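Asker: So the sequence lines, in the order shown, correspond to chains A and B. Counting in the working numbering, the first sequence tops out at residue 350, every number present. Counting in the working numbering, the second sequence tops out at residue 1350, every number present. All C-beta atoms in this analysis are idealised placements derived from N, C-alpha and C, irrespective of residue type, glycine included. None of these values were measured; they are calculated from a predicted model. Below: one structure in structure tokens.
2 protein chains.
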Amino acid sequence: MVWENNVRKVVPYVAGEQPKKKEIIKLNTNECPYPPAPAVAKLSAQMDTNSFRLYPDQNNESIVNALAEYYGVKPTQVFAGVGSDDVLSLSFLTFFNSDKPILFPDVTYSFYDVWADLYRIPYKTVPLLDDWSIDVEGMKQENGGVIFPNPNAPTGLFTPLDKVEEIIEANRDVVVIVDEAYIDFGGESALPLLEKYDNLLIVQTFSKSRAMAGMRIGFAIGNEKIIKYLNDVKFSFNSYTLNMPSQILGALAVKDDAYFKDITGKIIATREWTKKELTGLGFTFPDSKANFIFASHKSVPAKDIYNYLRGQNIFVRFWDKERINNSLRITIGTDEQMRTLIAALEVFLG
Amino acid sequence: MVWENNVRKVVPYVAGEQPKKKEIIKLNTNECPYPPAPAVAKLSAQMDTNSFRLYPDQNNESIVNALAEYYGVKPTQVFAGVGSDDVLSLSFLTFFNSDKPILFPDVTYSFYDVWADLYRIPYKTVPLLDDWSIDVEGMKQENGGVIFPNPNAPTGLFTPLDKVEEIIEANRDVVVIVDEAYIDFGGESALPLLEKYDNLLIVQTFSKSRAMAGMRIGFAIGNEKIIKYLNDVKFSFNSYTLNMPSQILGALAVKDDAYFKDITGKIIATREWTKKELTGLGFTFPDSKANFIFASHKSVPAKDIYNYLRGQNIFVRFWDKERINNSLRITIGTDEQMRTLIAALEVFLG
């Protein structure tokens, strides 16, 4: 049909499988195994649904203010969106408008090249070094912008802050986005670098450490000017993005710091236990600071292990893709879920 | 700062004022004066917040299925997004990729030119005729796509279906988007035309007739191929957009047809009463089939009336913009709200 000539044709991102069976152990999409902060359930039950007839606050003030207070920045330094994917995609559109290619690691979050293609942004991938670490020198070549996750996905490796600073310092003429989706599991945020660098944008999410993937909340922190540009583009798209429950319940979740520390602490402890067990079973992996482990077995192909676990109703993530097709990305679940996983692996590999 | 050279600079859309005072009469953003369907409050109070830790269904199946059943189409013909603004903006990106300008009326929803600018889509506006109706002949000139609201905003005028069909028929080589945000207040949807035209995309919203602006739900209906293209682009942005409460409560709202008919019927009746009263006060307006009236007074400038009403805590919408700067867009509220409005106008104009 002729109208199809003008259609933007893209290869859509394929998200991790979301099986509908309830009895499975779901370790494939890096969700949090614990529920959101208790106050969320309480307020949710009392939500004033009459107010749903009105538009939500287009400035997302409740959640922006809660985050500003928590992270010790001004509200004008915080931007909130529909998950960090929304925030990141908007950031690509807003900040990556050079003819020079933007740079990101070759093994990284698989949405970066999808957004670049969607917005027709030229890009160049910088191969990870042999130890899976980010090639800091490679990030210093001429470019139109830089983005990388810290910790990186799906490796889980944390890039130390002095290296992060080196990358930002070398790229003062473009925006450097540090995607900190997994920062709360033992990494160190680049937030203190904001005082020195106006070209830094930090993006985080409520989907992992704040146990609210189902509410779709992400945010960015930067200097006031960079956040203003992001808001201008946001208001060109859709003034009202976060719906009322996300704004109300999200703000509440940020305020319960004790609960947040408790669940992230538990996930870290479970991850360290899982690392030991996996090592004992013959797996190797980069030393993850995220809520997942990216593991390869010394003799059994990842795909075989993946299929076996699936048969046991344990879902982990596998990509049939060059360089990473012998690794499994295993989300850290509860202690019990991880014991079940390890027991299943013992049967299969033992 | 050098990094600013690559920033996408836009003139953001300015949405209707959202005053924070509670005691005002808010007739400025076309929200519904009645609460959402009763089942929404009931289920909201029982929401399983533990499941918020998981990603929502990326295919929005519950809401897509409910809409497909309600409108008698296949689920593969329905696309859901974060308000109709999200759906429309994605549609611009997906379908308007020609070098030829897209066409829309000169007086219309003020986001169209914002999206065109954002995505660098060439566009040409087609002036409304003297009676505020859409210039059907003007919509037949060479173009890269067509979009218009039906009823149009802010005029409220409905374009009869034979005229709509004439526009679609004359533009078989591009996508024609009919933005039916206000269709449920006495207009007639173009849905039956889908059987004849594969280049037609119909967009609607939960923000007006379904009383859920605060939940951010919009949707599009078209043939399976057009919806597939839209989904491909959506999955390139953000796989998970509608959050859990929107999916669950939105589906529920669609199922209560009796309530839907009741509140839209009440709004229509209130609108017709308001028309008579406004006429008696010396106002003229296009004959609205929407939940608002676009009224000019025979002698008092719109801006003066706007300022006076504001002082009375009654907010209506006014644009200080050529061609429409002597009109007020007045949202239809409850009977009581409209009586208060008319009484205030009587004092000011009498």
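Runs of 4 residues minimum, wholly inside the segment 1266–1337 of chain B: which ones carry the alpha helix (DSSP H) assignment?
Answerer: Whole alpha helix (DSSP H) segments, 4+ residues: 1302–1311.
Asker: Would you grab the beta carbon distance between A/Phe92 and A/Ala68 for me? Rounded to a whole angstrom, and I think it's under 8 Å.
Answerer: As a position in the first sequence, residue 92 of chain A is number 92, starting the count at 1. As a position in the first sequence, residue 68 of chain A is number 68, starting the count at 1. The Cβ separation is near 24 Å, so there is no contact.
Asker: Would the beta-carbon of B/Asp1232 fall within 8 Å of that of A/Val10?
Answerer: To locate residue 1232 of chain B, count along the second sequence from 1; it is residue 232. To locate residue 10 of chain A, count along the first sequence from 1; it is residue 10. Cβ distance < 8 Å, so B/Asp1232 and A/Val10 count as in contact.
Asker: If we require 4 or more residues per run, which alpha helix (DSSP H) segments fall completely within the segment 1158–1240 of chain B?
Answerer: Correct list: 1161–1169 and 1224–1237.
Asker: Tell me where the alpha helix (DSSP H) around B/Lys1042 begins and ends.
Answerer: For the purposes of this step, residue 1042 of chain B is taken as the residue at position 42 of the second sequence. Element bounds for B/Lys1042: Pro1038 to Ala1045.
Asker: On the DSSP letters alone, give me the boundaries of the beta strand (DSSP E) that B/Leu1027 sits inside.
Answerer: Indexing the second sequence from 1 puts residue 1027 of chain B at position 27. Taken as a continuous stretch (DSSP letters only), the beta strand (DSSP E) holding B/Leu1027 covers Ile1025 to Leu1027.
Asker: Answer with yes or no whether the minimum CB distance from A/Thr94 to chain B is below 8 Å.
Answerer: Position 94 of the first sequence, counted from the start, is the residue given in the question as residue 94 of chain A. By this cut-off, A/Thr94 is an interface position.
Asker: Establish whether the CB of B/Asp1262 and some CB of chain A are separated by less than 8 Å.
Answerer: The sequence position of residue 1262 of chain B within the second sequence is 262, counting from 1. No, no contact with chain A.
Asker: Three-state secondary structure (DSSP) at B/Asp1114?
Answerer: Counting from one through the second sequence, the residue named residue 1114 of chain B turns up at place 114. With the sequence shown as reference, residue 1114 of chain B is identified as Val, and Asp is not the correct amino acid for it. DSSP places B/Val1114 in helix when its eight states are reduced to three.
Asker: Can you check whether the C-beta of A/Asp365 is within less than 8 Å of a C-beta belonging to chain B?
Answerer: Residue 365 of chain A lies beyond the residue range present for chain A, which begins at 1 and ends at 350; the question has no answer from this structure.
Asker: On the three-pair Cβ rule with 8 Å, is the segment 1025–1035 of chain B touching the segment 17–30 of chain A?
Answerer: No, because fewer than three Cβ pairs between the segment 1025–1035 of chain B and the segment 17–30 of chain A fall closer than 8 Å, the two stretches do not touch.
Asker: Of all Cβ atoms in chain B, is any one closer than 8 Å to the Cβ of A/Ala190?
Answerer: Along the first sequence, one-based indexing puts residue 190 of chain A at 190. With 8 Å as the cut-off, A/Ala190 does not count as an interface residue toward chain B.
Asker: For B/Gly1081, which of helix, strand or coil comes out of DSSP?
Answerer: The residue labelled residue 1081 of chain B in the question sits at position 81 within the second sequence. If DSSP states are grouped into helix, strand and coil, B/Gly1081 belongs with the strands.
Asker: So with Cβ pairs under 8 Å, would you call A/Tyr308 a contact of chain B?
Answerer: Counting from 1 along the first sequence, the entry for residue 308 of chain A is found at position 308. No, its Cβ sits nowhere closer than 8 Å to a Cβ of chain B.
Asker: Looking only at its own chain, which residues have a Cβ that is under 8 Å from the Cβ of A/Phe235, when we skip the five neighbours before and after it?
Answerer: Translated into the one-based positions of the first sequence, residue 235 of chain A becomes position 235. For A/Phe235, where only same-chain residues beyond five positions count, the Cβ hits under 8 Å are Gln58.
Asker: Rounded to the nearest angstrom, what separates A/Tyr71 and A/Ile227 at their Cα positions?
Answerer: Along the first sequence, one-based indexing puts residue 71 of chain A at 71. Along the first sequence, one-based indexing puts residue 227 of chain A at 227. If you take the alpha carbons of A/Tyr71 and A/Ile227, they lie about 15 Å apart.
Asker: Relative to the C-alpha of B/Lys1362, which residue among B/Ile1305, B/Lys1255 and B/Ile1102 is closest?
Answerer: Here chain B comprises residues numbered 1001 to 1350, so residue 1362 of chain B is not present and cannot be evaluated.
Asker: List the endpoints of the continuous alpha helix (DSSP H) containing A/Tyr70.
Answerer: Mapped onto the first sequence, residue 70 of chain A falls at position 70. That run of the alpha helix (DSSP H) goes Glu61 to Tyr71.
Asker: Quick one: complete beta strand (DSSP E) runs, 3+ long, within the segment 1081–1156 of chain B?
Answerer: As far as the segment 1081–1156 of chain B is concerned, its whole beta strand (DSSP E) runs of at least 3 residues are 1102–1105, 1123–1126 and 1146–1149.
Asker: Ends of the alpha helix (DSSP H) at A/Lys255?
Answerer: Translated into the one-based positions of the first sequence, residue 255 of chain A becomes position 255. A/Lys255 -> alpha helix (DSSP H) spans Met244 to Lys255.
Asker: Distance cutoff 8 Å, beta carbons only. Does A/Asp173 sit that close to anything in chain B?
Answerer: By 1-based counting over the first sequence, the position of residue 173 of chain A is 173. A/Asp173 counts as touching chain B.
Asker: Would B/Val1178 and A/Asn97 qualify as a contact pair, given that the criterion is a beta-carbon distance under 8 Å?
Answerer: Working through the second sequence from its first residue, we reach residue 1178 of chain B at position 178. Working through the first sequence from its first residue, we reach residue 97 of chain A at position 97. Not a contact, by the Cβ cut-off of 8 Å.
Asker: What whole-angstrom Cβ distance do A/Phe283 and A/Ala295 have, given they're in contact under 8 Å?
Answerer: In the first sequence, residue 283 of chain A corresponds to position 283, counting from 1. In the first sequence, residue 295 of chain A corresponds to position 295, counting from 1. Between A/Ala295 and A/Phe283 the Cβ distance is about 4 Å, and since that is below 8 Å, they are a contact.
Asker: Applying a beta-carbon distance threshold of less than 9 Å, which residues of chain A neighbour B/Leu1118?
Answerer: The residue labelled residue 1118 of chain B in the question sits at position 118 within the second sequence. Neighbours of B/Leu1118 on chain A, chain order: Leu93, Val233, Ser236 and Phe237.
Asker: Which of the three DSSP states is assigned to B/Val946 in this structure?
Answerer: Examination of residue 946 of chain B is not possible in this model, given that chain B is present from 1001 through 1350 alone.
Asker: Distance check for A/Gly311 and A/Pro301, CA to CA, integer angstroms please.
Answerer: Translated into the one-based positions of the first sequence, residue 301 of chain A becomes position 301. Translated into the one-based positions of the first sequence, residue 311 of chain A becomes position 311. In a straight line, the C-alpha of A/Pro301 is about 16 Å away from that of A/Gly311.
Asker: Could you tell me whether the Cβ of B/Val1146 comes closer than 8 Å to any Cβ of chain A?
Answerer: As a working mapping, residue 1146 of chain B is identified with position 146 in the second sequence. So no, B/Val1146 is outside the interface.
Asker: Indicate whether at least one CB of chain E lies closer than 8 Å to the CB of A/Leu54.
Answerer: Protein chains A and B are contained in the structure displayed, whereas chain E is not.
Asker: In chain order, what residues of the same chain have a beta carbon less than 8 Å from the beta carbon of B/Pro1019, not counting five sequence neighbours either side?
Answerer: As a first step, residue 1019 of chain B is located in the second sequence; it is residue number 19 there, counting from the start. Lys1026 and Phe1315.
Asker: Can you tell me the Cα-Cα spacing of B/Ser1044 and A/Val40, whole angstroms?
Answerer: Taking the first residue of the second sequence as position 1, residue 1044 of chain B is located at position 44. Taking the first residue of the first sequence as position 1, residue 40 of chain A is located at position 40. So the two alpha carbons sit approximately 13 Å from each other.
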